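Letter 197 of the sequence shown, counting from 1, is numbered 197 in this note's numbering, and no numbers are missing.
Ideal Cβ placement from N, Cα and C applies to all residues, glycine included.
Since this is a predicted model, take the numbers as computed values, not measurements.
Report on the following structure.
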Amino acid sequence: MPICTWPVAAVFLVCFVATMILLLIFAPIEQGVAGAMPNFEPNQDQLEWIINSNRPPTSAPTSVAVGTTPSEQYQFIQCNPSEECCNGNPLNCDLRLNEMSFATVHNAMSTKESSNSLGYNHLFDLDGALLAGYRGLNLDVCKCGGRIRFCHNFCDFGDRDAAQVLLEVMKFLMNPEHLSEIVVLIFQFSTGEATADELYEVMQDVDGFTDLMYVHNAADPGAEWPLMRDLLNQDQPKRIVVFQHDGPDCSVAGSCPAGIHDYFDYTAETPFEFSSVDNMRNVETSCVINRGPKEGAAFYGVNTFVTPPNVDTAAVVNSLTFVKRRLNRCSRASGLIPNFITVDFWSIGDVPEIAQRRNIALAQMMRRER
Numbered sequence: 001m002p003i004c005t006w007p008v009a010a011v012f013l014v015c016f017v018a019t020m021i022l023l024l025i026f027a028p029i030e031q032g033v034a035g036a037m038p039n040f041e042p043n044q045d046q047l048e049w050i051i052n053s054n055r056p057p058t059s060a061p062t063s064v065a066v067g068t069t070p071s072e073q074y075q076f077i078q079c080n081p082s083e084e085c086c087n088g089n090p091l092n093c094d095l096r097l098n099e100m101s102f103a104t105v106h107n108a109m110s111t112k113e114s115s116n117s118l119g120y121n122h123l124f125d126l127d128g129a130l131l132a133g134y135r136g137l138n139l140d141v142c143k144c145g146g147r148i149r150f151c152h153n154f155c156d157f158g159d160r161d162a163a164q165v166l167l168e169v170m171k172f173l174m175n176p177e178h179l180s181e182i183v184v185l186i187f188q189f190s191t192g193e194a195t196a197d198e199l200y201e202v203m204q205d206v207d208g209f210t211d212l213m214y215v216h217n218a219a220d221p222g223a224e225w226p227l228m229r230d231l232l233n234q235d236q237p238k239r240i241v242v243f244q245h246d247g248p249d250c251s252v253a254g255s256c257p258a259g260i261h262d263y264f265d266y267t268a269e270t271p272f273e274f275s276s277v278d279n280m281r282n283v284e285t286s287c288v289i290n291r292g293p294k295e296g297a298a299f300y301g302v303n304t305f306v307t308p309p310n311v312d313t314a315a316v317v318n319s320l321t322f323v324k325r326r327l328n329r330c331s332r333a334s335g336l337i338p339n340f341i342t343v344d345f346w347s348i349g350d351v352p353e354i355a356q357r358r359n360i361a362l363a364q365m366m367r368r369e370r
């Protein structure tokens with residue numbers, strides 16, 4: 001009796017294809033370009049901003065169990081309606097955009113709640129992340145069936161309608177309680193050869209979105225990034241900051257619409273592929289600049305997630321103790337201050353609190369030095 005029959009061959013082929021799809025889902029396809037911008041060099045006080053800072057009192061729990069909702073998280077917005085406020089605290093208004101820390105959602109479109117992704121990165125959608133205090137969103141841009149969507153390497157995996165996602169961001173920003181909030185969007189161009197112009201067209205379809213986009217002076221390499229208050233105190237406030245990578249070279253005139261900036265022209269970033277918590281604890285390999293400018297970076301991205309995504313591991317690496325130690329170690333290793341603290345499973349852990357504590361501590365220190 002022959003061993004290799006048609007049914008056996010069919011089963012083998014199905015298993016092979018399924019295995020390859022899973023491998024591609026969990027293997028991020030990322031690359032970047034390098035450039036140069038002014039460096040924000042830390043002093044010793046800044047490097048120890050979180051070790052010696054006092055934890056602000058709060059009645060809300062600071063650590064979130066698996067499956068809980070955004071309402072149970074740290075109270076990120078601590079504003080008095082009668083005073084100036086920027087991203088949740090009055091002191092943040094004294095900081096420049098590239099002096100701020102942003103809790104950032106990795107693959108924000110890939111959630112158990114809304115997508116059919118097998119390897120989802122989060123339990124809940126990004127609108128909840130914004131309410132919880134995340135002010136950075138990483139989204140993969142795809143072109144599926146001729147339409148711009150956000151997906152994870154493949155159409156139909158972690159798949160969300162791009163216009164709907166941007167509408168959710170806009171809905172958050174236009175809430176009367178959130179008019180002093182600024183959000184950073186980091187787009188990675190992925191499947192289907194989408195263009196920056198096509199993405200911008202989707203942005204234009206969301207009423208008021210492009211009016212809120214900040215445009216940096218890329219023609220001047222020494223141009224400072226604005227103070228948070230200056231982004232808000234304009235006739236037309238600029239509350240959306242957009243970066244992209246793996247797409248066109250936006251430094252070439254006419255290649256990108258105004259307001260879409262090359263992420264790796266301005267941002268130095270750590271490696272993004274960690275198979276275990278122990279890999280991330282190895283400072284010599286996990287904090288090195290893997291992409292972006294080796295010197296003179298305006299921003300520093302600290303990836304803090306494992307591949308493939310794992311809820312139990314996120315409970316460790318998103319915790320206050322782990323994140324503050326990782327940020328301090330990476331600051332010392334790189335000579336940079338963390339800006340984008342990028343994680344999976346945003347509903348677990350303490351990342352918005354850590355970002356806010358760091359911002360407040362730095363702003364207080366700068367006021368003392370004036």
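| message | On a Cα-Cα basis, can you pick out the residue from 201, 292, 82 that is closest to residue 259? | response | 201
| Limits of the unbroken alpha helix (DSSP H) element including residue 93 | Note, residue 93: premise wrong, no alpha helix (DSSP H); not H, not E.
| request: Indicate whether the contact test is met: 3 or more Cβ pairs, each with one atom in the region 314-326 and one in the region 335-352, closer than 8 angstroms. | output: yes
| field | Unbroken beta strand (DSSP E) run spanning residue 188, endpoints | value | 183-189
| So residue 286 and residue 307 are in contact, right, with Cβ under 8 angstroms, and what is the actual spacing, rounded? | Their Cβ separation, rounded to whole angstroms, is 13 angstroms, which puts residue 286 and residue 307 out of contact at 8 angstroms.
| request: Could you pull the start and end residues of the beta strand (DSSP E) that residue 354 belongs to? | output: Run containing residue 354: none in the beta strand (DSSP E); it sits in the alpha helix (DSSP H), 351-369.
| query | Which ranges does the alpha helix (DSSP H) cover as unbroken runs of at least 4 residues, wholly within the region 204-236, from first to last along the chain? | reply | 228-232
| field | Three-state class that DSSP yields for residue 112 in the structure shown | value | coil
| field | C-beta atoms of residue 225 and residue 98 nearer than 9 angstroms | value | yes
| field | Assumed close pair residue 190, residue 151 - CB separation to whole angstroms, cut-off 8 angstroms | value | 7 angstroms
| query | With distances taken between CB atoms, is the gap from residue 341 to residue 354 smaller than 9 angstroms? | reply | yes
| request: Examine the Cβ distances between the region 357-366 and the region 103-119 and report whether three or more of them are shorter than 8 angstroms. | output: no
| Identity of the residue in 131, 133, 127, 192 nearest residue 167 by Cα | 127
| said: Could you check whether residue 187 and residue 245 sit closer than 9 angstroms to each other, using their CB atoms as the reference points? | reply: yes
| Option nearest residue 153 by Cα separation, candidates 314, 325, 210, 192 | 192
| Exposed or buried, which one is residue 242 when buried takes at least 16 other CB atoms within 10 Å? | buried
| Should residue 293 be labelled buried (16 or more other beta-carbon atoms within 10 Å of its own) or exposed? | buried
| task | Report yes or no: do three or more beta-carbon pairs, one from the region 297-315 and one from the region 267-282, lie closer than 8 angstroms? | result | yes
| request: Could you say which of 237, 252, 172 lies nearest to residue 196 if we only look at CA atoms? | output: 252
| query | Of all the beta strand (DSSP E) runs that stay within the bounds of the region 243-313, which reach a length of 3 or more residues? | reply | 260-262, 267-269, 299-303
| task | Check whether the Cβ of residue 178 lies closer than 8 angstroms to any heavy atom of the ligand NAP, and answer yes or no. | result | With respect to small molecules bound, the structure shown includes none, and the ligand NAP cannot be examined in it.
| If we ignore side chains and look at the alpha-carbon of each, how far apart do residue 209 and residue 180 end up? | 16 angstroms
| query | Would a check of beta-carbon distances place residue 254 closer than 9 angstroms to chain B? | reply | Absent from the structure is chain B; it holds one protein chain and no more.
| field | Cβ contact check for the region 136-148 and the region 159-179: 3 or more pairs under 8 angstroms | value | yes
| Where do the ends of the alpha helix (DSSP H) carrying residue 140 lie? | No alpha helix (DSSP H) holds residue 140; the beta strand (DSSP E) holding it covers 136-144.
| What are the boundary residues of the alpha helix (DSSP H) that residue 321 is part of? | 320-334
| message | Using DSSP's beta-bridge definition, name the partner residues of residue 104. | response | 136, 342
| message | Please state whether the Cβ-Cβ distance between residue 185 and residue 240 is less than 9 angstroms. | response | yes
| Taking the alpha carbon of residue 380 as the point to measure from, which residue in 124, 199, 177 has its own alpha carbon closest? | Given a span of 1 to 370 for the chain in the structure shown, any question on residue 380 remains unanswerable.
| task | To the nearest angstrom, report how far apart residue 77 and residue 333 are at their CA atoms. | result | 31 angstroms
| How is residue 172 classed by DSSP in three states: helix, strand or coil? | helix
| said: In the DSSP assignment, the beta strand (DSSP E) including residue 148 goes from what residue to what residue? | reply: 147-150
| To which residues does DSSP link residue 165 through a beta bridge? | According to DSSP, which records beta bridges pairwise, residue 165 is partnered with nothing at all.
| Between residue 325 and residue 183, what straight-line distance do the alpha-carbon atoms span, to the nearest angstrom? | 25 angstroms
| said: Going by the DSSP bridge assignment, what does residue 86 pair with across the sheet? | reply: 89
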